[in-house]
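What follows is a single structure, written as structure tokens, with notes after it.
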DNA sequence: TATTGTGAACCTCTTCACAGCT
DNA sequence: AGCTGTGAAGAGGTTCACAATA
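Protein chains in written order, with my numbering: chain A, 213 to 420; chain B, 213 to 420.
Next up, the structure:
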């Protein structure tokens, strides 16, 4: 389920605040969804709640991690170590929860050799020599739009079967490759679209 | 519709390649969706296709822009000018299509005063003095997790009614504020989740 | 002929509502 | 009494399939 990572984030925050238990209504409010949905989602993992009390935060977290494969080992390679790539390297979520950054690549000779987050940035043409880069690896594209497709092809060529694209360019991949696109500008557009619709609703409540 | 920005991105790329027309099947493949869905989505905007031919790329782009409010003016303020914030400032999608970066803020005195993308980073306590910061403004939170809620409260206090959160922390906002969360680590988890499920399906095809 | 636009069927996700457990 | 887990109803989104049309 696509909402599990959201619950995970919430539970993790709750745990940091020493909250031991939580019930579906509270989770629902924090996740901006309906309480029944939370219960249904969580019941998919098994019956981990206690009637009358709620869910044990720590235990639920463990169960979600299991479901998300966070106990597996997912090697990650990041291509394009500009501002965005650097932000990703240093982002907590990229080196925990089963993910392990294997190598960083960049085409720019000025960037190659630089140390970022404890790893040395390597030249793109050494991609094929990366040890541990099997078909379970996830490739992250954080290059400018112009280089994105070429980089993607290179990743696919060395056997990467899952790609997370942050470049503002539509990519094409063979059918066996899983592709997910996060366009930062798109997110902004989605937000303004909802805001627009909401305002329209305010002006003409009958339409709601 | 939440897919319009995706079509927009594709059309924009096609236009850059001098493609003048496109039909629903092609759009569908690039957007990784079904052709009927594309047609239904687009027909919502009006009847802009030509039977037997397809859609005019440039014209369709204009129509999507109109629907997305890209002809409106959306002032954007970004708080947290680290690697991620800097990437956002420089990202094409944040200064085009109706968006206009109004001001940049950071709490770190070492960052305040620095020039990023043609704008001078300002101190957080000057937030309230930003001219043009009405209730149509969008606030972007790109701070570390620890500062995110506090920054959000400050944005809400000065009248911002739409917030895009990139910090890995669940935020709470009053009901009248629109909140959207992009957690970069979450995206990675969603990808690995699908990959996990796909592999499970390969091992036991009966389950699919 | 090629492709759109769309009613209708279908399906999946969401929400309700409550029995069942603690 | 409080809250989960879930069948059933409902809503919304997706896909089919084809008439309409360039």
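Cβ atoms here follow ideal geometry from the backbone N, Cα and C, with glycine treated the same way.
Residue i versus residue j: straight-line alpha-carbon distance, rounded
i, j, result
"residue 401 of chain A", "residue 217 of chain B", "7 Å"
"residue 339 of chain A", "residue 317 of chain A", "8 Å"
"residue 399 of chain A", "residue 394 of chain B", "8 Å"
"residue 364 of chain A", "residue 353 of chain A", "7 Å"
"residue 386 of chain B", "residue 294 of chain A", "35 Å"
"residue 231 of chain A", "residue 247 of chain A", "19 Å"
"residue 330 of chain B", "residue 356 of chain A", "19 Å"
"residue 383 of chain A", "residue 234 of chain B", "17 Å"
"residue 220 of chain A", "residue 226 of chain A", "10 Å"
"residue 275 of chain A", "residue 305 of chain A", "18 Å"
"residue 298 of chain B", "residue 397 of chain B", "19 Å"
"residue 342 of chain B", "residue 319 of chain B", "16 Å"
"residue 272 of chain A", "residue 303 of chain A", "23 Å"
"residue 222 of chain A", "residue 245 of chain A", "13 Å"
"residue 416 of chain B", "residue 326 of chain A", "Here the model assigns residue 416 of chain B a pLDDT of 49, short of 50, so the residue's position is not dependable, and the following value carries that caveat. Computed Cα separation, rounded: 44 Å."
"residue 224 of chain B", "residue 324 of chain B", "35 Å"
"residue 403 of chain B", "residue 410 of chain B", "11 Å"
"residue 187 of chain A", "residue 266 of chain A", "Residue 187 of chain A lies beyond the stretch modelled for chain A, which goes from 213 to 420, so this question has no answer here."
"residue 242 of chain B", "residue 375 of chain A", "15 Å"
"residue 279 of chain A", "residue 349 of chain B", "38 Å"
"residue 407 of chain B", "residue 270 of chain B", "36 Å"
"residue 249 of chain A", "residue 366 of chain B", "31 Å"
"residue 322 of chain A", "residue 332 of chain A", "12 Å"
"residue 336 of chain B", "residue 358 of chain B", "15 Å"
"residue 239 of chain A", "residue 229 of chain B", "46 Å"
"residue 405 of chain A", "residue 287 of chain B", "14 Å"
"residue 214 of chain B", "residue 289 of chain B", "23 Å"
"residue 277 of chain B", "residue 328 of chain B", "27 Å"
"residue 389 of chain A", "residue 236 of chain A", "36 Å"
"residue 261 of chain B", "residue 346 of chain B", "38 Å"
"residue 368 of chain B", "residue 307 of chain B", "22 Å"
"residue 259 of chain A", "residue 373 of chain B", "38 Å"
"residue 268 of chain A", "residue 268 of chain B", "55 Å"
CB contact check: residue i to chain B, cutoff 8 Å
i, result
"residue 278 of chain A", "no"
"residue 350 of chain A", "yes"
"residue 239 of chain A", "no"
"residue 232 of chain A", "no"
"residue 254 of chain A", "no"
"residue 312 of chain A", "no"
"residue 345 of chain A", "no"
"residue 420 of chain A", "Its pLDDT being 24, under 50, residue 420 of chain A is placed unreliably in this model, and the value from its coordinates should be taken loosely. Not one chain B Cβ lies under 8 Å of residue 420 of chain A."
Cutoff 8 Å: residue i Cβ touching any chain A Cβ
i, result
"residue 246 of chain B", "no"
"residue 305 of chain B", "yes"
"residue 250 of chain B", "no"
"residue 214 of chain B", "yes"
"residue 281 of chain B", "yes"
"residue 317 of chain B", "no"
"residue 339 of chain B", "no"
"residue 242 of chain B", "yes"
For residue j and residue i, believed in contact at Cβ under 8 Å, the rounded distance
i, j, result
"residue 314 of chain A", "residue 344 of chain A", "6 Å"
"residue 263 of chain A", "residue 282 of chain A", "Incorrect: roughly 27 Å between the Cβ atoms, too far for contact."
"residue 361 of chain A", "residue 392 of chain A", "Actually they are not in contact, since the Cβ atoms of residue 361 of chain A and residue 392 of chain A sit about 16 Å apart, beyond 8 Å."
"residue 312 of chain B", "residue 285 of chain B", "6 Å"
"residue 422 of chain B", "residue 291 of chain B", "The structure shown does not extend to residue 422 of chain B, since chain B is modelled only from 213 to 420, so the question has no answer here."
"residue 254 of chain A", "residue 378 of chain A", "In fact, because the Cβ distance is near 30 Å, the residues do not count as touching under 8 Å."
- Query: Relative to chain A, which residues along the region 391-408 of chain B have a C-beta separation below 9 Å, given in chain order?
  - Reply: Cβ proximity to chain A below 9 Å picks out 391, 392, 393, 394, 395, 396, 397, 398, 399, 400, 401, 402, 403, 404, 405, 406, 407 and 408 from the region 391-408 of chain B.
- Query: What are the residues of the region 217-230 of chain A that lie near chain B, defined by any Cβ-Cβ distance shorter than 8 Å?
  - Reply: The residues in question are 217, 218, 220, 221, 222 and 225.
- Item | chain B contacts made by the region 355-381 of chain A, where a contact means CB separation under 9 Å | 357, 373, 374, 375, 376, 378, 380 and 381
- Near-chain B residues of the region 287-304 of chain A (beta-carbon distance less than 8 Å), N- to C-terminal order: 288, 294, 295, 296, 298, 299, 300, 302, 303 and 304
- Message: Short of 9 Å Cβ to Cβ, which residues in the region 257-271 of chain B face chain A?
- Response: none
- Query: Taking Cβ-Cβ distances below 7 Å as the criterion, which residues of the region 321-335 of chain A are in contact with chain B?
  - Reply: none
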